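This is the structure we're talking about:
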């Protein structure tokens, strides 16, 4: 329930802390005292947009803070977690709005939040109804949700919606596939040509670097033969470098024998000779392996040209060429196997549609069985609220095809006058009538409605005193399962409240302020006397009898 509502600098309220009780909470007061501020504050908590005109004159900001005690709130926690906020594990939810001159802020359990999150939470926290706040009741979507709640069809509804979403996803996938169009003959030829061209080239991204090196070697083979031969001629042969180094080795050994001190000086000569011998062998092997065939040069040039051509068309890199090849292959496969794919799509759609129909039949059966029971229950409450001969019907109309809500629409129809045709609720003009219909619906769904707080803002307007008493009794019974706040001008309603609060308007230090105080005992009797018209022992006795009758 809502355990605490704090308001600061909102309209005529400078500072207010309201600790509510459970059951039916009555709020009364003279016209213009500020009862509407309470409703306005609750609407802010529920995410309604605000502007700086709401701020009390002379102040820079106004705040509204609501504390909800929610020992078991899976739906609320689901909204919080989906929004990235911590769940209220301690069973307490604090919602705060700050309306400033230049900016507004909102917080949930001290964490910043958006208005969208507040609105999502609000539908699970407060059900607010005023003389003109019946759009939810007039909505056929809302009526269908009420019927499903009454029919205990939540599980069947979930099964159906999952099946329907799967079916729609498959239908939409087919539509996307069909919009892609059938490829023309020109596109088919182009796709096949590109695939054949890339496959024929046998592209290997790793060959590019080596290919260029091989080409440069083949292109310079004549000069390489000439230069390597010259280098080998310098190293070997008569009077060549290696022959002279052999003479130098023999001379160095003689010198070492004559003077061992020279050994260190001549020590590197053997290594030099060995390295030059290895160089000579490597150059000789290189020369033997050098391909000087002009055909090889032509082959390498052709290969390079082939790969460069592919990169220009499908690149810029060989990796990109292979990626394009895969895309072409997929597109070609999709086009060439279109008939088989269309059949696969249709088979999947047919299978998922069977599940939609099966789960829809289960949901529809629950609705068909519950609709007359709900209508009868609502009609009973309507009679208790003064519609002695009224008729009420929950009409189901089948869809041509499955919709997200099920296989049928629902329409609440009401006939307040015998002999007149039933009409949809949205066609009822009288606010007094629609308010009592709404209360009857809420009474019929009291056990199924999980909303912890219901607020009725002067919905007893335009009804007589006897009917006002019946309205109060309905609210009091709703208070057995919900916390109910009734803002009322009727003493018959206020007398039935478990807790009674009075809004008054006072002038303090030259400023008008609204105050909210709890009344009981003689003070409560005084308030009922005021509401009855005031004055005289007879009126006071009437007020006392109203309180005694609760």
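Residue numbers (the working numbering): 131 to 680.
Using N, Cα and C, we set each Cβ at its ideal position, and we do this for glycine too.
Computed from a predicted structure; not experimentally measured.
C-alpha gap between residue 646 and residue 148, whole angstroms: Roughly 7 Å separates the two Cα atoms.
Presumed contact (8 Å Cβ cut-off) between residue 497 and residue 268, rounded CB distance: For a cut-off of 8 Å, the C-beta gap from residue 497 to residue 268 is around 19 Å, too long to register as a contact.
Cβ-Cβ distance between residue 198 and residue 223 below 8 Å: yes
Three-way DSSP call (helix, strand, coil) for residue 596 in this model: helix
Touch test, the segment 233 to 243 against the segment 283 to 296, Cβ-Cβ under 8 Å, three pairs minimum: no
Contained alpha helix (DSSP H) runs [length at least 4] in the segment 458 to 515, N- to C-terminal order: 468 to 514
Own chain residues within Cβ distance below 8 Å of residue 409, not counting five before or after: 365
Best match in 483, 586, 524 and 458 for proximity to residue 299 [C-alpha to C-alpha]: 483
Stretch pair the segment 203 to 213 + the segment 143 to 162: three plus CB contacts closer than 8 Å: no
Anticipated Cβ contact below 8 Å, residue 396 with residue 386, distance rounded: With 8 Å as the limit, residue 396 and residue 386 qualify as a contact, their Cβ atoms being about 7 Å apart.
Between the CA atoms of residue 582 and residue 105 - distance to the nearest angstrom: The structure shown has nothing for residue 105, since the chain only spans 131 to 680.
Exposure label - residue 679; buried when at least 16 CB within 10 Å: exposed
For residue 328 and residue 353, the rounded distance between their alpha carbons: Rounded to the nearest whole angstrom, the C-alpha separation of residue 353 and residue 328 is 36 Å.
Local Cβ density within 10 Å of residue 606, reported as buried at 16 or more and exposed below that: buried
Proximal residues to residue 575 (C-beta, below 7 Å), its chain only, five neighbours per side dropped: 276, 279 and 280
Limits of the unbroken beta strand (DSSP E) element including residue 675: Where residue 675 is concerned, there is no enclosing beta strand (DSSP E), although the alpha helix (DSSP H) it sits in stretches over 667 to 678.
CA-to-CA distance, residue 569 to residue 563, given in whole angstroms: 10 Å
Contact between the segment 599 to 617 and the segment 508 to 524 (3+ Cβ pairs under 8 Å): yes
Entirely enclosed beta strand (DSSP E) segments - the segment 186 to 248, minimum 3 residues: DSSP assignment within the segment 186 to 248 yields the following whole beta strand (DSSP E) runs of 3 residues or more, N-terminal first: 191 to 199, 222 to 230 and 234 to 238.
Pair within 8 Å by beta-carbon distance, residue 661 and residue 619: Between residue 661 and residue 619, the C-beta gap is smaller than 8 Å, which places the two residues in contact.
Span of the beta strand (DSSP E), counted from its first residue to its last, around residue 538: Start and end: 536 to 545.
Whole-angstrom distance between residue 157 and residue 616, CA atom to CA atom: 6 Å
Segments of 3+ residues assigned as beta strand (DSSP E) that fall wholly inside the segment 272 to 308: none
Check whether residue 682 and residue 200 have beta carbons under 8 Å apart: The structure shown does not extend to residue 682, since the chain is modelled only from 131 to 680, so the question has no answer here.
Under 8 Å between C-beta atoms of residue 229 and residue 184: yes
Distance between beta carbons of residue 610 and residue 630, contact taken as under 8 Å: Not confirmed; about 18 Å, so no contact.
Under 8 Å between C-beta atoms of residue 567 and residue 544: yes
Rounded distance between the beta-carbons of residue 332 and residue 458, thought under 8 Å: That pair is no contact at about 16 Å.
Burial state of residue 194 (16 or more Cβ within 10 Å): buried
Euclidean distance between Cα positions of residue 487 and residue 529: 12 Å
Contacting residues, own chain, Cβ-Cβ under 6 Å from residue 247 (five flanking each side not counted): 213
DSSP three-state assignment for residue 616, whether helix, strand or coil: strand
Residue interval of the alpha helix (DSSP H) (run including residue 655): It spans 651 to 662 - the alpha helix (DSSP H) in which residue 655 sits, taken as one unbroken run.
Given residue 131 as reference, the closest of 467, 256 and 548 once Cα atoms are compared: 256
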